[in-house]
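Peer 1: This structure is in structure tokens; I'll ask about it shortly.
In this note's numbering, the protein residues as written are 32 to 303.
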């Protein structure tokens with residue numbers, strides 16, 4: 032199997048984004064490129080925090096029209112992207128490619144794999160508001176080029192599915208006191224839940240959220256939920272349990288439609 036890069040990778044992601052944002056509608060023309068089996072982030076929600084770049088996976092198959100070959104990546108280009116609003120006018124509501132590599136399956140068919148790129152840094156525009164935590168639409172930019180490199184045809188193809196973007200949540204490591212503890216005595220378990228604020232680029236207290244306290248005995252292989260606790264106005268969690276045996280405590284938040292899941296670090300308790 033030969034491995035070749037498309038023109039989308041040779042151009043920088045930033046330049047491609049600008050060209051998409053400024054592409055004139057008059058260039059719209061059927062390319063004849065057929066894209067199938069498009070998968071973004073393995074059909075899972077995309078969770079983004081306040082600083083780390085996130086690169087969701089993307090893959091698809093591309094079939095080229097007659098007269099074009101997968102062996103000549105400068106003659107064609109396929110660029111998946113996410114957007115909000117209308118594909119004809121989405122402004123800054125755009126998430127584009129980071130990298131893309133296409134593998135020749137035949138002279139006119141290729142398997143392409145790569146990633147989108149989301150940078151929460153304030154100098155970037157992908158996500159700059161908490162309202163961006165929602166369902167984003169999917170589209171493709173398809174292009175054919177002449178032998179001299181000039182654009183021959185370009186079209187934007189929308190897809191019916193959506194991709195959910197969610198704000199990252201964090202749970203502080205479970206803290207159990209006292210340690211060690213006598214069997215049958217009370218243990219107090221604490222933690223704190225925060226959530227990414229894409230406007231301020233900080234992690235804010237996440238109040239009023241239900242979080243599960245879980246325990247795994249030292250000799251067990253899985254955790255079991257002991258109780259569910261709601262965070263206070265500061266995002267704090269606190270509850271008591273009866274110490275019965277040595278083991279590990281942790282907190283788990285299962286997320287919602289705009290917030291990702293979170294699991295705290297574990298705290299081992301020695302019961303004497």
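Glycine included, C-beta positions come from ideal geometry on N, C-alpha and C. Please read these numbers as outputs of a predicted model, since none were measured by experiment.
Measure the alpha-carbon distance for residue 298 versus residue 71 and round it to whole angstroms.
Peer 2: Roughly 36 Å between the two C-alpha positions.
Peer 1: So is residue 185 buried or exposed if we call it buried at 16+ other beta carbons inside 10 Å?
Peer 2: Buried.
Peer 1: Please work out which residues of its chain come closer than 6 Å, Cβ to Cβ, to residue 90, disregarding the five sequence neighbours upstream and downstream, and give them in chain order.
Peer 2: Excluding positions up to five away in sequence, the list reads 70, 144.
Peer 1: Give the secondary structure of residue 106 by DSSP, where H, G and I count as helix, E and B as strand, and everything else as coil.
Peer 2: Helix.
Peer 1: Going straight from the alpha carbon of residue 167 to that of residue 255, what length do you get?
Peer 2: Roughly 35 Å between the two C-alpha positions.
Peer 1: In this structure, how does DSSP classify residue 120 when only helix, strand and coil are distinguished?
Peer 2: It is a strand residue.
Peer 1: Got a sec? Which residues, its chain only, sit under 8 Å from residue 291 by beta carbon, not counting five neighbours each side?
Peer 2: If we look at residue 291 and ignore the five residues flanking it on each side, its Cβ neighbours are 76, 78, 197, 198, 199, 200.
Peer 1: Return the CA-CA distance between residue 205 and residue 87, expressed in angstroms with no decimal places.
Peer 2: Straight-line Cα distance between these residues: approximately 30 Å.
Peer 1: Consider the Cβ of residue 263: report whether some Cβ of chain B lies at a distance smaller than 8 Å.
Peer 2: You won't find chain B in this structure, because it holds only one protein chain.
Peer 1: Taking only the alpha-carbon atoms, compute the straight-line gap between residue 300 and residue 279 and give it to the nearest angstrom.
Peer 2: Residue 300 and residue 279: Cα-Cα distance of roughly 6 Å.
Peer 1: For residue 285, I'd like the list of residues in its chain whose CB is within less than 6 Å of its CB, leaving aside the five on either flank, ordered along the chain.
Peer 2: Hits under 6 Å: 292.
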